[in-house]
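Protein sequences, first through last, are from chains A and Z. Residues -18 to 211 (our numbering) make up the first sequence, in order. Residues -18 to 211 (our numbering) make up the second sequence, in order. Working notes, structure below.
2 protein chains.
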Amino acid sequence: MTILRSSHRLPAATPERGIPDATVARLPVYLRALNALIEQGTGTCSSNDLAAQAGVNPAKLRKDLSHLGSYGTRGVGYDVEYLSYQIAREIGQTQDWDVVIVGVGNLGSALSAYQGFSTRGIRVAALVDTSPERIGTEISGITVSALQDLTAIVAEREIAIGIIATPGEAAQKVADALVEAGITSILNFAPALVQVPEGVDVRKVDLSIELQILAYHEQRKAGLDKVVNG
Amino acid sequence: MTILRSSHRLPAATPERGIPDATVARLPVYLRALNALIEQGTGTCSSNDLAAQAGVNPAKLRKDLSHLGSYGTRGVGYDVEYLSYQIAREIGQTQDWDVVIVGVGNLGSALSAYQGFSTRGIRVAALVDTSPERIGTEISGITVSALQDLTAIVAEREIAIGIIATPGEAAQKVADALVEAGITSILNFAPALVQVPEGVDVRKVDLSIELQILAYHEQRKAGLDKVVNG
DNA sequence: CCTTGTGAAGCTGTTCACAGCC
DNA sequence: GGCTGTGAACAGCTTCACAAGG
């Protein structure tokens, strides 16, 4: 994963709780693990149980949770439902978040139909594209709007998060349009850097790079085989 | 991004060059930036130029490159083409890598059509699914095969990298099948942990989690507004 | 003079190991 | 006795600042 955060950290004087980035990135994993435990009827779990379910080291899990507060009971463990609620509250998942997807090519269309969002508090509220052939068509039950309607849509539906699913060349223009429309968090799937003003968060998911990293390790494995086997 | 590497690091005695993970993840970014410079006819660039193009700190760029060797000239900078070749060689991008995608729902189909792969040395060589309705159909010019043919396909085409693009429930089964077929690197898009034997690399891309992280920061911004504005 | 390459410092995140508490 | 919460040690990554070298 490639991550870029552009908003600067606030001075320590502000009443920020300051949960480390690495912890924030794992909280959704814990939440998913807890929901799995709830589903199978577990009422209480130890940090060992939950860590196993989430695929992390138990000490790390406990340290992560300690940033939210003291929600466990020594000698007993964590109340699954209670902890689940506390994490959900902390990461803002007691409400649903509307997102707008810009670019309804293959990837944008796939994202608009993605089943995994709804149970994680993500709702695809609007689709936007620039292509006249796509504007007005319906994808996953949502009518595709024109890019120039973005500001109105964002304001009307109070959307805070935008997804860029365009080719790389269009990414900066789309990012500018999103910021102009009032979006303050962007998930960028385009293989390009985007510049945004301070206060706007950008995260980047680069599909090629993930595979290139795997390819690098493959190459090393192959090279080592040669060294070892002749 | 959420990343899991399951292969263990090799003992220091082996002739590994030991490029740090963080550096490996950025090399493809540099390569892309260099290709952009080549395209615009730049022959030489300083670490400042390249760092700006890639969106990183110049010192970090230089340290990253220093892990590959000494490919710059003091007082001058880097020869763009030469450096591009050296990075490409290092990350194994002088060859193409065939990948197999398992699961051709919305996401799998979008990936099979993704334009960004070919220029990065990634070639989608095969598509696999379990659904009888999908098997035999053609997607992006590739005929979808049955999961039980996976081993034959992987062997015949010498595929080393597999992509899991199924729902979470199927992920572990698919991972097992991939490993059984001889795949040693997996990119997992399913919202689930997969267990693999030692020596197999797994990277995970979780679309919901990326948005949940953004939502967390949105919530904090909203909370701070309240504190500041009333 | 300019820019690379790099020791050293600083920071973030992880893991250990145990005190504290039920 | 058992498990949480946490200080302290550790490991990895980033940034600084400058020596080395064209």
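For each residue, glycine too, the CB sits at the ideal point set by N, CA and C.
By the 16-neighbour rule on beta-carbons within 10 angstroms, residue 189/A is buried. When Cβ-Cβ separations below 9 angstroms define contact, residue 198/Z makes contact with chain A. Contact with chain Z is found for residue 149/A, since one of that chain's Cβ atoms lies less than 9 angstroms from the residue's Cβ. Short of 8 angstroms from the beta carbon of residue 19/A, and not among the five residues preceding or following it, lie these beta carbons of its own chain, in chain order: 61, 62, 65.
Nearest C-alpha to residue 111/Z among 127/Z, 120/Z, 104/Z: 127/Z. For residue 191/Z, the nearest beta carbon of chain A is closer than 9 angstroms to its own beta carbon.
Residue 118/Z places its beta carbon less than 9 angstroms from that of residue 124/Z. Note that the C-beta distance between residue 101/Z and residue 192/A is below 9 angstroms. Counting the other CB atoms within 10 Å of its CB gives residue 165/Z a total of 16 or more, which places it among the buried residues. By the criterion of a C-beta distance shorter than 8 angstroms, residue 104/Z is surrounded in its chain by 77, 78, 79, 80, 98, once the five residues flanking it on both sides are discounted. Taking the Cα of residue 36/Z as reference, the smallest distance to any Cα among 174/A, 199/A, 198/A, 32/A is reached at 174/A. Beta-bridge pairing by DSSP links residue 168/Z to 144/Z, 184/Z.
Shortest Cα-Cα distance from residue 179/Z to any of 163/Z, 17/Z, 33/Z, 171/Z involves 163/Z. Counting along the chain, the unbroken alpha helix (DSSP H) around residue 132/A starts and ends at 131 to 138. Taking one beta carbon from each stretch, the region 155 to 162 of chain A and the region 152 to 163 of chain Z have fewer than 3 pairs nearer than 8 angstroms; the two do not touch. In the three-state scheme derived from DSSP, where H, G and I count as helix and E and B as strand, residue 15/Z is classed as helix.
Neighbourhood of residue 182/A in chain Z, by CB distance below 9 angstroms: 194, 195, 198, 199, 202, in chain order.
When rounded, the separation of the alpha-carbon atoms in residue 71/A and residue 52/Z is 47 angstroms. Pairing residue 146/A with residue 90/Z gives a Cβ-Cβ distance that is not under 9 angstroms.
Beta-bridge partners assigned by DSSP to residue 123/Z: 120/Z.
Counting only runs of 4+ residues, the alpha helix (DSSP H) found wholly inside the region 22 to 50 of chain Z occupies 28 to 35, 39 to 47, in chain order. Annotation: residue 115/Z is outside any beta strand (DSSP E) and is labelled neither H nor E by DSSP. Non-local beta-carbon contacts of residue 153/A in its own chain, meaning distances under 6 angstroms to residues more than five positions away in sequence, involve 175 in chain order. Annotation: residue 17/A to residue 171/Z spans about 15 angstroms, alpha carbon to alpha carbon. Interface annotation, residue 38/A: not in contact with chain Z, CB-CB separation never under 9 angstroms. When the five nearest sequence neighbours on each side are left out, the beta carbons in the same chain lying within less than 7 angstroms of the beta carbon of residue 39/Z are those of 28, 29, 32, in order along the chain.
A distance below 7 angstroms between beta-carbons, with the five flanking residues on each side excluded, links residue 135/A to the following residues of its chain, in chain order: 81, 162, 163, 164.
Near chain A, meaning a CB-to-CB distance below 7 angstroms, no residue of the region 107 to 130 of chain Z qualifies. Uninterrupted alpha helix (DSSP H) stretches at least 4 residues long and entirely within the region 48 to 112 of chain Z occur at 61 to 71, 87 to 93, given in chain order. As the crow flies, the alpha-carbon of residue 138/A is around 16 angstroms from that of residue 196/Z. Residue contact check for residue 35/A against chain Z: a CB pair falls below 9 angstroms. By the CB criterion at 9 angstroms, residue 194/A and residue 13/Z fall outside the cutoff.
Only residues of its own chain outside the window of five on either side were considered, and among them 79, 80, 81, 138, 140 have a CB closer than 7 angstroms to the CB of residue 106/Z, listed in chain order.
Take residue 0/A, set aside five residues on each side of it, and the residues of its chain with a beta-carbon closer than 6 angstroms to its own are 48, in chain order. One Cα belongs to residue 108/A, the other to residue 122/Z, and the distance between them is close to 27 angstroms.
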